[in-house]
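Read through the structure below, which is laid out as structure tokens, and then see the notes.
Numbering (this note's numbering), first residue to last: 64 to 158.
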């Protein structure tokens, strides 16, 4: 669990794993590299680094939101879609 690094069952909101964490970095880097090399949305290698970090940071924040708010009493509106929206919002704000 992202809040205390204890083992939890797979699928637990806020759970993190080494594989998932590495996949988030690789995914962020892959999309950033495509935006740089493929379509020209990012204009420098520094931009690739910033976008990759923003994606990773947003993913960690998503896990934190899942662990602390999702499925808690009074937060029934905090669905996966809402958490994904916050992930996107945080990533865009950081980038």
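Virtual Cβ for every residue (Gly too), placed ideally from N, Cα, C.
Helix, strand or coil at residue i [DSSP, three-state]
{"i": "residue 64", "result": "coil"}
{"i": "residue 82", "result": "helix"}
{"i": "residue 125", "result": "helix"}
{"i": "residue 132", "result": "coil"}
{"i": "residue 144", "result": "helix"}
{"i": "residue 137", "result": "coil"}
Continuous alpha helix (DSSP H) stretch holding residue i: start and end
{"i": "residue 105", "result": "Careful: residue 105 lies outside any alpha helix (DSSP H) and carries neither H nor E."}
Anticipated Cβ contact below 8 Å, residue i with residue j, distance rounded
{"i": "residue 82", "j": "residue 129", "result": "So it is not a contact: roughly 17 Å between Cβ atoms."}
Nearest to residue i (by Cα), restricted to the options the options
{"i": "residue 87", "options": "64, 101, 99, 124", "result": "124"}
{"i": "residue 89", "options": "152, 131, 119, 151", "result": "119"}
{"i": "residue 66", "options": "134, 103, 78", "result": "78"}
| request: Kindly confirm or deny that the segment 91-100 and the segment 111-121 touch, where touching means at least three C-beta pairs closer than 8 Å. | output: Verdict: yes, contact present.
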